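Visitor: Pasting a structure here, questions to come.
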Amino acid sequence: MKARNIPQINMKNNNPNCQIQSSGLSSLNNITDPLTNWSYSIKNCISQGKLKQALLTYTHNRVNGSSIMGVVPLVLKACAALSMLSLGKSLHAESMKSGFDCNVMVGTALLDMYGKCGEIWSARNVFDYMPERNVITWNAMVGGYIKSGDIKIAFLLFENMSEKTIVTWNEMIYGYARNGDMVMARRFFNRVPDELRNVVTWSVMVDGYASNGDMDAARELFEIMPKRNFYVWSSMVSGYFKKGDVKSAKAVFDRMTTKNLPSGDNVEGTIKQSYQCLKRCLLKTYNIGDMASCKYLWL
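Those letters in the sequence shown? Residues 1 to 299, per the UniProt record's numbering, in order.
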């Protein structure tokens, strides 16, 4: 179900429950230690990637509605990542009852959850009735439309944004690249202010060209990138493999060094595994199909 147009955005707050917003926020300053620990435990689980544990912590220790606003965005984030739409809707109902949905952080988390769970119309409904929005809210809505494949509505929202971050620009470039429209992707890439353009911006363009079979354009951008990460290297190698150009794939592979790879304990194992996978695939020069499988393992 896709939206065909953008309804007029209502900037006024018509929800009487929002009147308790200020008192709800101020009460967080006097939060009790058990609730502080509860909130911290949920946040800690999410930061460590233990999303199911975060949801269990929430459901097993739920307190009354007047005290949960601080943890609602965290739990909604976990719901979005795990595609747990039912729990997300339950949280939405609780938030509406308490007036917490009027909070910009809660509202943004709600629409982000709906967008990532495939209910873009529900996300838009939340967006339209939010009394306050920030750039993160707009980015989430644009990203939701891109995920749903409705790049036209995403474009209209983008053009109506008063403030755009690099996340906004990268979302739009990715959306057009995913749809195979590299002409529009390149137009957006060229429009990105120089001070905002980052390695993700370049990587999305290179991967877009490679995924759509235009290795000449991918190589052109790849060579002038000010900085390269592991993902753009893998995009180039896999792109050449998909074209059947094993010689060029190996040439790019041979240029890879550890300084081109991301650092950090959380990716070290993935890098080693990916590197070995690529080496094995290079040996199978007559079995190009394996390369596609390797790309999904890397990314």
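All C-beta atoms in this analysis are idealised placements derived from N, C-alpha and C, irrespective of residue type, glycine included. Just so it is clear, the structure is predicted and the values come from calculations on it, not from any experiment.
Assuming the contact rule is C-beta atoms closer than 8 angstroms, residue 144 and residue 123 should be a hit. Round their C-beta distance to whole Å, please.
Guide: The sequence position of residue 144 within the sequence shown is 144, counting from 1. The sequence position of residue 123 within the sequence shown is 123, counting from 1. Rounded to whole angstroms, the Cβ separation of residue 144 and residue 123 is 5 angstroms, and the two are in contact under 8 angstroms.
Visitor: Classify residue 160 as buried or exposed, calling it buried when 16 or more other Cβ atoms lie within 10 Å of its own Cβ.
Guide: For the purposes of this step, residue 160 is taken as residue 160 along the sequence shown, with counting starting at 1. The residue in question, residue 160, is exposed, as its Cβ has fewer than 16 Cβ neighbours within 10 Å.
Visitor: To the nearest angstrom, how far is it from the Cα of residue 245 to the Cα of residue 131?
Guide: Along the sequence shown, one-based indexing puts residue 245 at 245. Along the sequence shown, one-based indexing puts residue 131 at 131. The straight-line gap from Cα to Cα measures roughly 54 angstroms.
Visitor: With a threshold of 16 other CB atoms inside 10 Å of the CB of residue 60, please say whether the residue is buried or exposed.
Guide: Taking the sequence shown and counting its residues from 1, one reaches residue 60 at position 60. Exposed is the call here.
Visitor: Just tell me which of 214, 231, 232 has its CA closest to the CA of residue 243.
Guide: Here residue 243 refers to the residue found at position 243 when the sequence shown is read from its first residue. Comparing Cα positions, the closest option is 214.
Visitor: Just confirm the distance between the C-beta atoms of residue 79 and residue 88, as a whole number of angstroms; I'd bet it's less than 8 angstroms.
Guide: Numbered from 1 along the sequence shown, position 79 holds the residue referred to as residue 79. Numbered from 1 along the sequence shown, position 88 holds the residue referred to as residue 88. About 4 angstroms separates the beta carbon of residue 79 from that of residue 88, a gap short enough to meet the 8 angstroms contact definition.
Visitor: Quick one: which unbroken beta strand (DSSP E) runs of 3-plus residues sit fully inside the UniProt repeat "PPR" (134 to 168)? Chain order, please.
Guide: Scanning the UniProt repeat "PPR" (134 to 168) from its first residue to its last, no whole beta strand (DSSP E) run of 3-plus residues comes out.
Visitor: What three-state label does DSSP hand residue 255 in the structure shown?
Guide: Here the question's residue 255 lines up with position 255 in the sequence shown. Helix at residue 255.
Visitor: Does the beta-carbon of residue 183 have 16 or more other beta-carbons within 10 angstroms, so that it is buried, or is it exposed?
Guide: Looking up residue 183 in the sequence shown gives position 183. By the 10 Å Cβ count, residue 183 comes out exposed.
Visitor: Can you list the alpha helix (DSSP H) stretches of 4 or more residues lying completely in the stretch 177 to 231, in chain order?
Guide: 182 to 191, 199 to 211, 215 to 224
Visitor: Can you tell me the Cβ-Cβ gap for residue 170 and residue 200, rounded? I've got them flagged as a contact below 8 angstroms.
Guide: Here residue 170 refers to the residue found at position 170 when the sequence shown is read from its first residue. Here residue 200 refers to the residue found at position 200 when the sequence shown is read from its first residue. Contact flag correct, Cβ pair sits at about 5 angstroms.
Visitor: Mind checking residue 119: buried by the 16 CB within 10 Å criterion, or exposed?
Guide: One-based indexing of the sequence shown puts residue 119 at position 119. By the 10 Å Cβ count, residue 119 comes out buried.
Visitor: Just verifying my parser: in three-state terms, what is the DSSP assignment at residue 117?
Guide: Working through the sequence shown from its first residue, we reach residue 117 at position 117. Three-state DSSP puts residue 117 in coil, outside helix and strand.
Visitor: Return the first residue and the last residue of the alpha helix (DSSP H) that residue 72 is part of.
Guide: If you number the sequence shown from 1, residue 72 lands on position 72. Taken as a continuous stretch (DSSP letters only), the alpha helix (DSSP H) holding residue 72 covers 72 to 82.
Visitor: Please go through the same chain and pick out, in chain order, the residues whose beta-carbon is closer than 6 angstroms to the beta-carbon of residue 249, but skip the five residues on each side of it.
Guide: Within the sequence shown, residue 249 is the residue found at index 249, counting from 1. Closer than 6 angstroms at the Cβ level, and outside the excluded window around residue 249, lie 237, 240, 241.
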